[in-house]
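Peer 1: When the letters of the sequence shown are read in order and numbered with our numbering, they come out as residues 136 to 514. Take this structure first; my questions come after.
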Amino acid sequence: MSLLASPRTSPVPITAAPHDAGLGRGAGWREAILLTIALWTFVAIIYLPILLDRHPGERWISVALDEVTLLLSMALAMPLFALFRVTEEWEVPRRILALGGAVLAAAMVQVCFDLLYTGLIANRVDTAWENLPTDLSRAYRATFNYVCVFGVNVALFHLVNSRRHELSQAKELAQALSAAQHAQLAALRYQLNPHFLFNTLNAISAMIVTRRNDEAELMTDKLSSFLRASLASDPTELVPLDQELTLIEDYLEIESIRFGERLHVEIDCASDACSVPVPSFLLQPLVENAIKYGVAPSRDPVVIRVTGRREGEDLVVTVEDDGRGAANAVPAGGTGVGLQNVRRRLSALYGELASVAAGPRDPGYASVIRMPVDPPQTR
């Protein structure tokens, strides 16, 4: 549509059409072309009643001729889009100068086309020269109108592209946070106490020296299986509680070879709690604390009890021991490294919906984990 009206009518203003929010460095030419066609066609439909009133005698034929300028508007939008993409990394003053010059050039090309088209095609040839002075006068006003139109389009390119970059940055930030959380969970997950490995290897060495080869071989096999399971699982993976308890049982079997009759283990899981998903190796730091502070200092037999049950929509897992030295050995309020590890993992996965309560009992020490039954991704 022309901003340079024919001699029979007054100029008809055209407003700028918004461009797609997805246009930018990553957008393709196909999307840009399709969107430009759709937007300018929409503008043509909006102004169709005005065009029909403008040509009451000729109506659709004259409207079709007048719409030829619409094709040029679409074509001129493409170089502007190309320049907008090319200059994205330019300095602001240089980019404004380049885009401003391009907008002015596009407006002048459009006005020249409108002038020639209106004078030589839309009107009769014999009247074209008579209307030329009037057409030139309107051409100056039309140039300003076209500069405004193309300028607004470029401004919309910028606004939409900025929004696109914000969404892209938000996505990258979310991915970075997710990666950081995954790394944090992995780090927490793999924080096996080096004392466990040291003591186990020491025990194996002592068995070999004292020619208890069968026991040393058994302990080596169990340690190998436990470490293989520890390294093979995804740190962010959720496993059924009964599978987690099986791994804890393997861990305690290794320790039972070290402590012999001083260590007794009781593991109990309610039938409705066994299939509840929990973070893998979540209980290992708590059981390790029970070994370190409950069993190791004691000369008497110590029972480590691990239980799991459901309470409404929560899963409650308890790790407790009746060691005499545990109450004094474990930091008051449950602020040891193992407990902090468990709390951080639960917080990363469940937020405030999960908790760990720990403290001394008479006798011994207990840690109680409470977490939602439903896994995090389904809540």
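All C-beta atoms in this analysis are idealised placements derived from N, C-alpha and C, irrespective of residue type, glycine included. No experiment lies behind these values; they were computed from the predicted model shown.
Return the first residue and the last residue of the beta strand (DSSP E) that T222 is part of.
Peer 2: Looking at the DSSP string, T222 is not in any beta strand (DSSP E), and its letter there is neither H nor E.
Peer 1: Quick one: grab the DSSP three-state call for C404.
Peer 2: C404 falls in the strand class under three-state DSSP.
Peer 1: Assess contact between the segment 371-385 and the segment 345-355, defined as three or more Cβ pairs (one per stretch) separated by less than 8 Å. Is contact present?
Peer 2: These segments do not touch.
Peer 1: Going by DSSP in three states, T345 sits in which element: helix, strand or coil?
Peer 2: If DSSP states are grouped into helix, strand and coil, T345 belongs with coil.
Peer 1: Where P498 and I389 are concerned, what is the direct C-alpha to C-alpha distance, given to the nearest angstrom?
Peer 2: Looking at the two C-alpha atoms, the distance is approximately 25 Å.
Peer 1: Taking all protein chains shown into account, decide if L251 is buried (16 or more other Cβ within 10 angstroms of its Cβ) or exposed.
Peer 2: That one is exposed.
Peer 1: When we look at the beta-carbon of R496 and count the other beta-carbons within 10 Å, is it buried (16 or more) or exposed?
Peer 2: It counts as exposed.
Peer 1: At which residues does the beta strand (DSSP E) containing S490 begin and terminate?
Peer 2: Residues S490 to P495.
Peer 1: State yes or no: is the C-beta of F248 within less than 8 Å of the C-beta of L207?
Peer 2: Contact flag set, yes.
Peer 1: I'd like to know if I180 contacts chain C, where contact means its C-beta is closer than 8 Å to some C-beta of that chain.
Peer 2: In the displayed structure, chain C is absent; only one protein chain is listed.
Peer 1: Drop a sphere of 10 angstroms on the beta-carbon of S359, count the other beta-carbons inside from all chains shown, and report buried for 16 or more, exposed for fewer.
Peer 2: S359 should be labelled exposed.
Peer 1: Evaluate Q304 with the Cβ neighbour count: other Cβ atoms within 10 Å of its Cβ, from every protein chain shown; 16 or more gives buried, anything less gives exposed.
Peer 2: Exposed, since its Cβ has fewer than 16 Cβ neighbours within 10 Å.
Peer 1: So, at 7 Å on beta carbons, what are the nonlocal neighbours of I426 in its own chain, with the 5 sequence-adjacent residues on each side left out?
Peer 2: Around I426: E390.
Peer 1: Could you tell me the distance, in whole angstroms, from the CA atom of G494 to the CA atom of D457?
Peer 2: Straight-line Cα distance between these residues: approximately 12 Å.
Peer 1: Buried or exposed: G429, going by 16 or more other Cβ atoms within 10 Å of its Cβ?
Peer 2: Counting Cβ neighbours within 10 Å, G429 comes out buried, since at least 16 surround it.
Peer 1: For a test of the three-state rule: what should DSSP assign to E202, helix, strand or coil?
Peer 2: Reduced to three states, the DSSP call for E202 is coil.
Peer 1: Between which two residues does the alpha helix (DSSP H) harbouring G473 extend?
Peer 2: Looking at the DSSP string, the run of the alpha helix (DSSP H) that includes G473 is V472 to Y485.
Peer 1: Leaving out five residues before and five after T470 in sequence, what residues of the same chain have Cβ atoms less than 7 Å from its Cβ?
Peer 2: Confidence in T470 is poor, its pLDDT being 49 and thus under 50, which makes the residue's placement unreliable; the coordinate value appears in the next sentence. There are no such residues.
Peer 1: Could you spell out the range, first to last residue, of the beta strand (DSSP E) harbouring V508?
Peer 2: Unbroken run through V508: none, as it is neither H nor E.
Peer 1: Please state whether the Cβ-Cβ distance between V227 and V289 is less than 8 Å.
Peer 2: No, the pair does not count as a contact, with Cβ atoms beyond the cut-off.
Peer 1: Go ahead and pull the three-state DSSP assignment for G429.
Peer 2: Helix, per DSSP.
Peer 1: Could you check where the beta strand (DSSP E) with D456 kicks off and where it finishes?
Peer 2: Where D456 is concerned, the enclosing beta strand (DSSP E) stretches over D449 to D456.
Peer 1: Does the segment 437-448 come close enough to the segment 499-511 that 3 or more CB-CB pairs lie under 8 Å?
Peer 2: At 8 Å Cβ cutoff, the stretches touch.
Peer 1: Can you name, in chain order, every residue of its own chain whose Cβ lies under 8 Å from the Cβ of V422, other than the five neighbours on each side?
Peer 2: I383, Y386, L387, I439, V441 and V454.
Peer 1: So the candidates are D403, V244 and L169; which of them puts its Cα closest to the Cα of V282?
Peer 2: If we check each option's Cα against that of V282, V244 comes out closest.
Peer 1: Would you list the residues sitting across from V437 in a DSSP beta bridge?
Peer 2: DSSP, once it has assigned bridges, lists L398 as partnering V437.
Peer 1: At the level of alpha carbons, what is the spacing between E372 and H300?
Peer 2: Cα to Cα, the separation comes out at about 33 Å.
Peer 1: Which of the three DSSP states is assigned to R445 in this structure?
Peer 2: Of the three classes helix, strand and coil, the one that applies to R445 here is strand, per DSSP.
Peer 1: I'd like the span of the alpha helix (DSSP H) that includes L421, first residue to last.
Peer 2: Residues Q419 to N424.
Peer 1: Quick one: residues in its chain with C-beta nearer than 6 Å to the C-beta of E448, no 5 flanking neighbours on either side, listed in chain order?
Peer 2: Result list for E448: V508, in chain order.
Peer 1: List the DSSP bridge partners of V374.
Peer 2: Answer is V413.
Peer 1: Following a CB-centred definition, is V454 positioned closer than 7 Å to any heavy atom of the ligand FMN?
Peer 2: Inclusion of the ligand FMN in the displayed structure is not the case, the ligand content being empty and no account of it being possible.
Peer 1: Here's a check: name, in chain order, each residue in its chain whose Cβ is nearer than 8 Å to the Cβ of T171, leaving out the five neighbours to either side.
Peer 2: Around T171: H154, M209, A212, M213 and F216.
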